[in-house]
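Q:
Protein chains: 2
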Amino acid sequence: MQKYYQKIKKTPIFYDMTDFELEKMLECFKAVIKKYEAGDTIIRRGDIITKIYVILDGEVNIEKDSYWGRRIIIQKLHENNNIALSLVASKNTESNVNAICTKDALILILNYEKCSAMCQNACIHHGAFIRNMFKILSKENIELVEKIENISQKSIRDKLLTYLSNESQKNKSNIFEIQFNRQELADYLNIDRSAMSFELSKLKQEGYLDYKKNKFVLKVEV
Amino acid sequence: MQKYYQKIKKTPIFYDMTDFELEKMLECFKAVIKKYEAGDTIIRRGDIITKIYVILDGEVNIEKDSYWGRRIIIQKLHENNNIALSLVASKNTESNVNAICTKDALILILNYEKCSAMCQNACIHHGAFIRNMFKILSKENIELVEKIENISQKSIRDKLLTYLSNESQKNKSNIFEIQFNRQELADYLNIDRSAMSFELSKLKQEGYLDYKKNKFVLKVEV
DNA sequence: TCCTTTTTGTTGTAAAAACAACAGAAATGT
DNA sequence: ACATTTCTGTTGTTTTTACAACAAAAAGGA
Numbered sequence: 000m001q002k003y004y005q006k007i008k009k010t011p012i013f014y015d016m017t018d019f020e021l022e023k024m025l026e027c028f029k030a031v032i033k034k035y036e037a038g039d040t041i042i043r044r045g046d047i048i049t050k051i052y053v054i055l056d057g058e059v060n061i062e063k064d065s066y067w068g069r070r071i072i073i074q075k076l077h078e079n080n081n082i083a084l085s086l087v088a089s090k091n092t093e094s095n096v097n098a099i100c101t102k103d104a105l106i107l108i109l110n111y112e113k114c115s116a117m118c119q120n121a122c123i124h125h126g127a128f129i130r131n132m133f134k135i136l137s138k139e140n141i142e143l144v145e146k147i148e149n150i151s152q153k154s155i156r157d158k159l160l161t162y163l164s165n166e167s168q169k170n171k172s173n174i175f176e177i178q179f180n181r182q183e184l185a186d187y188l189n190i191d192r193s194a195m196s197f198e199l200s201k202l203k204q205e206g207y208l209d210y211k212k213n214k215f216v217l218k219v220e221v
Numbered sequence: 000m001q002k003y004y005q006k007i008k009k010t011p012i013f014y015d016m017t018d019f020e021l022e023k024m025l026e027c028f029k030a031v032i033k034k035y036e037a038g039d040t041i042i043r044r045g046d047i048i049t050k051i052y053v054i055l056d057g058e059v060n061i062e063k064d065s066y067w068g069r070r071i072i073i074q075k076l077h078e079n080n081n082i083a084l085s086l087v088a089s090k091n092t093e094s095n096v097n098a099i100c101t102k103d104a105l106i107l108i109l110n111y112e113k114c115s116a117m118c119q120n121a122c123i124h125h126g127a128f129i130r131n132m133f134k135i136l137s138k139e140n141i142e143l144v145e146k147i148e149n150i151s152q153k154s155i156r157d158k159l160l161t162y163l164s165n166e167s168q169k170n171k172s173n174i175f176e177i178q179f180n181r182q183e184l185a186d187y188l189n190i191d192r193s194a195m196s197f198e199l200s201k202l203k204q205e206g207y208l209d210y211k212k213n214k215f216v217l218k219v220e221v
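Protein chains in written order, with numbering that gives the first Met the number 0: chain A, 0 to 221; chain B, 0 to 221.
(1) Report all residues from its chain with a CB closer than 8 Å to the CB of B:Tyr111; omit the five preceding and five following residues, and keep chain order.
(2) Mind checking A:Phe13: buried by the 16 CB within 10 Å criterion, or exposed?
(3) Within 8 Å (strictly less), CB to CB, does A:Ala121 reach chain B?
(4) Taking buried to mean at least 16 other C-beta atoms within 10 Å of its own C-beta, is A:Ile147 buried or exposed?
(5) State the CB to CB distance for the pair B:Val96 and B:Glu62, rounded to an integer number of angstroms; the pair is presumed to be in contact (CB under 8 Å).
(6) Decide if B:Asn91 is buried, meaning its Cβ has at least 16 other Cβ atoms within 10 Å, or exposed.
(7) Does A:Met132 have its Cβ less than 8 Å from a Cβ in chain B?
(8) Alpha carbon to alpha carbon, how far is B:Asp15 from B:Ile41? Give it in angstroms, no decimals.
(9) Note down, in chain order, each residue of its chain lying with its Cβ closer than 7 Å to the Cβ of B:Ile72, except the 5 sequence neighbours on either side.
(10) How would you label A:Ala104, buried or exposed, when you count the other beta carbons within 10 angstroms and need 16 or more for buried?
(11) Among A:Glu166, A:Asp46, A:Ser137, which one has its Cα closest to the Cα of A:Asn80?
(12) Grab the span of the alpha helix (DSSP H) containing B:Leu2 for me, first residue to last.
(13) In three-state DSSP terms, what is A:Phe197?
(14) A:Lys59 by DSSP, collapsed to three states: which one?
(15) Beta-carbon of A:Glu62 versus every beta-carbon of chain B: anything under 8 Å?
(16) Mapping DSSP to helix, strand and coil, what is A:Gln204?
(17) Closer than 8 Å, CB to CB, is B:Ala185 near chain A or not?
(18) Closer than 7 Å by beta-carbon distance: list the chain B residues that pair up with A:Lys146, in chain order.
(19) Tell me, please, whether the CB atom of A:Val96 is closer than 8 Å to any CB atom in chain B?
(20) Nearest chain A C-beta to B:Leu217 closer than 8 Å, yes or no?
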């Protein structure tokens, strides 16, 4: 555990804490680190979530299999992100999504239930911790609304332009790399991959953008 | 303000507080109550949100006008809901949505910025308050994911069945009332209203469901 | 009550997307 | 370097959706 301290210290959920405080918190939370391999399921639909999961390394997709068998990618998570944090607060709420490890991952797991019951008053840093969680959830919330904006556009073209424009803004540059491969992007935007590829080609031809693999250049203001 | 105490006390954001604590908090937050009429814009795209808005009465839509002029309804909010709470935590983040009053509303407005700066340590109930906010955001988060599930279905029929099934589950009954009229539902599910009406008729004819106006009876397990 | 306005349902047509099948390119492993 | 697998792009066909225009029903006001 010790060897990960520096990494853990950098996660937003422990923002603004000293080494000593961090150590106390990890103890209080009965923290463990677990390794997952690409393809592993970290959280399954129906699970009751009572622990806090923090990605220290690797990549995790939050997905949902629709009733009719299609995959829906809700979000793609990386280092420092939390998995299903919103489910911790709503006790006894079943997860209605799956968390799938897509690149070998290192996950810090905190027993929030145990701690929040025991040390609500004792642990002086619990206040900072919950403030951090609030900020994290806020950010996630904004991102979910952004995703809704992306997939709410009426045509494949509009979805692509909205998504790419948002990515461009996030990177503060019209040259940027996207996190999805083509199939994943299609599953994220809820469109057919081949139709999407076709539309991307058209956009390139018409001079709206350029791309090679995951590297994109957006040439228009959207 | 006094005459609203009982109502305010029931909002989740003040959950678990005594009358005395509530009074202190409202003072600390420089609380005011503002009336809005149907059609009013409460929050406009681009606004920097520094206040907490709690709906005491009325109805508010969180909407977005797509670049191409279509309306997207993100969520419909009622009594006790917060408006754009996630934007308060992320300082200096512009709102990318509009909050439109759809039925005459009474909004409690709290100056969070002022308070959180001043009384972080002084106000002993700040802890409970932020815990409540965390819970509210969690719930909102789960609802946003549910909305993503609804609109991510591939056909109009699947969107309707998924949405209605989710509503049915929330009401714990296969007979329930929905909050949207037809045009609003279409804007929420991102589909054409007339095509949606047509699909609803077909579903009724095929015996999947029954409805009259906003009252629905779901006859199948989805 | 009757008239007006708003909401909901119906239909045909044009446009867009999904799907399937395949070709080419890139990545991976040996 | 070569073979194999995965990923991406292309095209034609079928299915679905959006759109427009209108009809019917419901709600609201005088």
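Note that CB positions come from ideal geometry on N, CA and C, so glycine has one too.
A: Taking the coordinates as given:
(1) Phe28, Thr49, Lys50, Ile51, Val87
(2) buried
(3) In this predicted model, A:Ala121 has a pLDDT of only 49, less than 50, meaning its place in the structure is not dependable enough to derive any value.
(4) buried
(5) 7 Å
(6) exposed
(7) yes
(8) 28 Å
(9) Asn60, Glu62, Glu183, Asp186, Tyr187
(10) buried
(11) A:Ser137
(12) A small correction: the amino acid at residue 2 of chain B is Lys; Leu does not occupy that position in the sequence shown. Premise fails: B:Lys2 is in no alpha helix (DSSP H) and is neither H nor E.
(13) helix
(14) The sequence as given places Val at residue 59 of chain A; Lys does not occur at that position. Here A:Val59 sits in strand by DSSP.
(15) no
(16) helix
(17) no
(18) Ile147
(19) yes
(20) no
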